[in-house]
Structures are given as structure tokens and as C-alpha cells.
Amino acid sequence: MPPGADHETPEETPAAEERPRRAHVADRRARRRARLAARSKLRRRLTRAGIALGVVILLIIGGGVGLYYYRSGQITHENAPHIVAATGPSENILLIGSTSRCAASSIALYRSECAAGVNGVNSDVVLVAHLDGTTHTISLLSIPRDTFVPGARSGSALCGTTSPLTPGTCANKIDAALVEGPDQLIAAIEQDFGIPINHFVDLNFATFTNVVNALGGIKMDFPDRLFDASSFLKITKTGCQLLNGTQALALVRSRHLYYFTKGQTPNYAAIQAATTPTGPWYTPNSGGTYDGTGDLGRIIRVHLFLKALAQQVAARGLSNPVTDYKLVGAIAPNLTVDSGLSTLDMVHLALDYHHANFASAPELTIPTVTDAQSYIYDGGDYGDVIFPTQPQDQQVIDQFLGTTPTNVAPGSISVSVVDGTQSPSQTASVAASLGRLGYRIVPTTATNYVGPVAETTVVYRPGHLAEAQQVLRSLSGTVVLAQGAPASGADVSVVTGSDFTVASPAPHASTPSATVAGSSAAGGPTTTTAAPAVTTTTNPNLGAPSSATPAIPPWDPRSCPGS
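Structural data, given as C-alpha cells:
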């Protein structure tokens, strides 16, 4: 070979072969590092999203804790027969804030109350989260705890007098259902409001305070000083301040609130002296102003707190493994979920909703009307209650679920009208009015009188919810659904109450004395008329329906600017 020609010497051959081999190894290692980095990023994303999901929705969906498989065994799973399987991509998760003092024995105040036998297990918070699987957004619906419903309790020793139309259940405030367990609360929500529940998450006082403390506290901005002797809330200065777990719990539990504007001197001792477990909570010597909104005001403060919590969780990112572990440890040991909500389900929820903006999630409250007097039902005194109200409730529920009402032909629905007011003439008039709307009226002699003030109840047999909702849309006022056994074999019974209206039928051709003018096809004058609606109003103590999105009072706290 001529000098200078290209050739490989024996020494050069191994080095030349090694270069591509090393490049291949380096490339393989780079791909491996990229895969590990992606997995690590996914784990961090899952952790942050899962914890945000678990904390922000009432500390809340609880799904994020399942992402730590070594903690999942601490979560309590409970069977709930009334849970229904989701029929589409969306789910409804019931979020329960339990008042169990004994479950929160790690807090000194509640430990002493538990030891003293004070452990009324009710639900301070009844909140349904609707997870829209199409848009991957979340909306919240609160049901006020004092809402009086016919199916709150089962027919047990804890139940009062049961109605022959709703065997196995009895009326009470909806928060009283939890004493029989989450499944009874689920049954009440499904049967009385027509909202299907696919999962539940039950948290107690200890979980709430532990989570807030694990986050290092939550900042909120207070326009005024606040005090509630019954929830132990005491905010003595205005402005942005950090709440620890105990203070945050006192805020979201407050429903007997006083506020003090600039220049007012609080009289804490007078308020404390006037506060008893059963009220009255108002004292004219407070030195400030009594909020007076009760549970509806408390719901506003719960929503405000959740918004502040969501913003601060999002801002912090929860990427600190120490904080993450503390947060998981705060939630898991005190968390109860339904037996169908597995760790894998929680992971899927975290993945599907990690981009959801919790801070801007729609927050609705079931509209209600307040009874200004202590409520006597079937001889029992139930204290301060609020009633469901139509058509506002059903409109809000449809909005919350994103559903359109299912129209059922009235002629396909048999209806019996039950005397609930000891007024046969009113009962007959209601039956005639419903007949004019097209319903098939089934005669009945059944009665169900519980007192001079009573909700009108639309009782339907299992499998006839759509028919009951159709009848419900023909009524307005203090009207509520109940699952049971309608009288005389009808599809639906309407048990007349003290404050409701039957809708008027559509106008129809009539005589010249009719009140609605129009014109005939031939161009000549004609008239139409509608039969008058049946209206009953006997309780002057009822207030106006509350708003589904009430305005925030100027004294309630907000998120701190920039948090």
C-alpha cells in the first residue's frame, strides 16, 4: 500500500470499535435517566395532585393518601349498601364532617367532652363533590345540616314515630342521620333529594386540625373581630393572620357568630354566660352584632376556608417530602371511606383531576326556608329547623349535576293525595288540581297528620324517582321527596302540607269572561283561561328562600392577598 494511504493498524482497530459502543452505552444511560426522571416527576405530580385532591375538597376527597401504599392500610373502609355505581364518566362523592368527640380524643377539649359522655355524632358538614369526568372539573353542593327531611333516620330505636307511607324511616334534621352511620346519610340524600352517591369520605375534628397543622397553618384575612362561644372561635385582631388547626376548626364550625366593627368593645363574658348547649345564643349586651345566619352563615365560612386552603395548597406545591409525609399521616389514620373506593381508584382520581382549579370550583348551597319558631313535628320538639323549598332546590340540583329534567307524561303517573292537614276539602281541591294537570288520580282515605306546620311530601315507590320529580315540578313551596309506599297502590302520593302551591294548568279556550285575551284562527276575538292554583300558607314564621350562591357578609374572612 502506498505511503499515506488510508488503512487501519492493529492498534487502531479496538479503539475505533469502542467509540460507537461507548456512545451506545451513554445513549442508553441517558434514556434510562430520562425515564427515571419522568417517573420521579410523575410520582411528584401524583403526590401533589393526590394530596391536593385529598385536602382541598374538605380534606377532602382523601384520595391522595392512597398514593402512599404503605399508608393505605390505615384508611378505614366501610360497607355502604346505598352507594350506587356511577353510570358515566362523572361521580358524586359525599364528604362528611363528623362531630364525633371521641374520634377526636387527641384534642384536649374533645377528649374531656368524650369523657363526660358528650359525643353526639352528627354531620357538621354535608357536602357533595361532583366530579365531571368530561370536563375534569369539580363543583360542590352543601346541604345545610338543619334541613328537615322525612328519611333522615331509619326505623330503629333512635327513630320517632314513623309514617305508614315511609315505613322504615322517620323525619329529622339531615345531620342526625350520621348517628346511624354514613350509609343512612347517603340514603337520605338519595331518596329525599334524588342525588346519587357513588362514594363517601368521612373525616373528623382530629383529621381537620392535624391537616391544617401539617401545612403549617392557613392564612386568612379578617375584616372584623369575631367570637363564637359555642365553637370556641376568638379572633381578637383584624387583618391577615395565620390560623392553626384548632382555630381553623373553630372558624368552620361557627354558627353562633358575633362580629365587632372598629370602635366596638366586645363583652366576651356576657356572650359566654348567655351561651348554652341548646341556646338562646343571642345577648343584647355583646358589645357587637350577632350574625344570626346560623348554619347558612357557617356554610359560607366553610366555602371561604376551602377557597383559601385551595389557593395556599396550590401556591406551596407540596413538594417537600417531609410536609407530604406529615400530611398523609394526618389524614390516613382518621379517614373512613366506602369499601368500593380503592387505592387504585384514588390514584385515578388524582391523575384525572390534578389540573382542576379548586379555588374557583363552583360552590352551591341547597336553598331552604327558615322556620323562626321551634319546630314541633308529631309532638316532638326539633328546635331550630330549615325546610327544603321548591322549585329552587330541584333547579340547583339539576345545575349541580349538569342534568336536564326528564319529562314524564302526567297521564302515565298515578297519584293519590293524602290528607296531611286535617282538611278533607283542601285534600280534594289538591287532587282536582293535579287531575287538571293530567295526572291519574287514585282515590284514597289515607291520612298523615303531624302538626299544623308540615312539609308537603311527594312519596314514591322504588324505581319511580322520575315520576316523583315530575310531580314535584307541579308543586312549589316547602315540598320534599321521600321514598316509601304510596297510598292505595299509586305510583306517587302527595301528602299535603301547610305551605305549598299546585301549579295552574296551561290556559285553554273558554268563555268571554276569561281573563287572558288572544285571537282566534279566523281573526276574531277569543279568550283563554287557566284554573286557579291551589295555595296553602299557614305559617307566617317562614322566611324567604335562601340563595344557592349567597353574598359574602363583609365581616367574614377571605383569603389573604397574594396567598
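Offset between the sequence shown (1-based) and the numbering used here: plus 4. Even glycine gets a Cβ: it sits at the ideal position worked out from N, Cα and C.
- Taking 8 angstroms as the cut-off, the Cβ atoms of Pro409 and Pro549 do not count as close.
- Its chain contains Asn208, Ala210 and Thr211 as the residues whose beta carbon lies nearer than 6 angstroms to that of Asn338, once the 5 sequence neighbours on both sides are disregarded; these appear in chain order.
- Per DSSP, the beta bridge partners of Ser563 are Met224.
- Inter-segment contact for the segment 193-202 and the segment 82-89 is present: three or more beta-carbon pairs are separated by less than 8 angstroms.
- Within the DSSP bridge table, the entry for His86 names no partner.
- Within the same chain, and ignoring the five residues on either side of Ser343 in sequence, the residues whose Cβ sits closer than 8 angstroms to its Cβ are His81, Glu82, Asn83 and Ala84.
- Shown here, Gln245 sits in a strand according to DSSP, grouped into three states.
- With the rule of 3 Cβ pairs closer than 8 angstroms, the segment 148-156 counts as touching the segment 371-382.
- In this structure, the beta-carbon distance from Phe504 to Val484 does not fall below 8 angstroms.
- The residue from Pro558, Ile190, Thr553 and Thr500 with its alpha-carbon nearest to that of His307 is Thr553.
- DSSP places Gly155 inside the beta strand (DSSP E), whose first and last residues are Phe152 to Ser158.
- In this structure, the beta-carbon distance from Gly501 to Thr460 falls below 8 angstroms.
- Look at Ala181 here: in three-state DSSP terms it is helix.
- Only residues of its own chain outside the window of five on either side were considered, and among them His140, Thr141 and Ile142 have a CB closer than 7 angstroms to the CB of Ala360, listed in chain order.
- Of the other Cβ atoms in all chains shown, 16 or more fall within 10 Å of the Cβ of Lys311; this residue is therefore buried.
- Residue environment: Gly467 is assigned as exposed (fewer than 16 neighbouring CB atoms within 10 Å of its CB, all protein chains considered).
- Under the three-state reduction of DSSP output, Ile275 falls in the helix class.
- When DSSP states are grouped into helix, strand and coil, Gln426 belongs to the coil group.
- Sorting Tyr443, Leu469 and Ser551 by C-alpha distance to the C-alpha of Gln396 places Ser551 at the top.
- Gln473: member of the alpha helix (DSSP H) spanning Leu469 to Leu476, first to last residue.
- In the displayed model, Gln487 falls within a strand according to three-state DSSP.
- In the three-state reduction of the DSSP assignment, Asn361 falls in the coil class, being assigned neither a helical nor a strand state.
- In this structure Gln276 is exposed. Its beta-carbon is surrounded by fewer than 16 other beta-carbon atoms within 10 angstroms.
- With a beta-carbon spacing of about 17 angstroms, Ser418 and Val506 fall beyond the 8 angstroms limit used to define contacts.
- Around the beta carbon of Gln487, a 10 Å sphere encloses 16 or more other beta carbons of the protein chains shown; the residue is thus reported as buried.
- Here the alpha carbon of Arg477 sits roughly 11 angstroms from the alpha carbon of Thr393.
- Among the bridge pairs identified by DSSP, Cys174 is matched with Arg157.
- Here Ala548 carries a coil assignment [DSSP, helix/strand/coil].
- Within the model, the alpha-carbon separation for Gln430 versus Val446 is close to 16 angstroms.
- Taken in chain order, the complete alpha helix (DSSP H) segments of 4 residues or longer contained in the segment 370-448 are 396-405 and 428-440.
- DSSP, read as helix, strand or coil, puts Ala314 in helix.
- Phe236 sits in coil when the DSSP states are folded into three classes, being neither helix nor strand.
- By the neighbour-count definition (other C-beta atoms within 10 Å, threshold 16), Ser290 is a buried residue.
- If you draw a 10 Å sphere on the C-beta of Thr240, you find fewer than 16 other C-beta atoms in it, and that means exposed.
- One Cα belongs to Leu189, the other to Ile178, and the distance between them is close to 7 angstroms.
- Only residues of its own chain outside the window of five on either side were considered, and among them Thr80, Glu82 and Asp206 have a CB closer than 6 angstroms to the CB of Thr340, listed in chain order.
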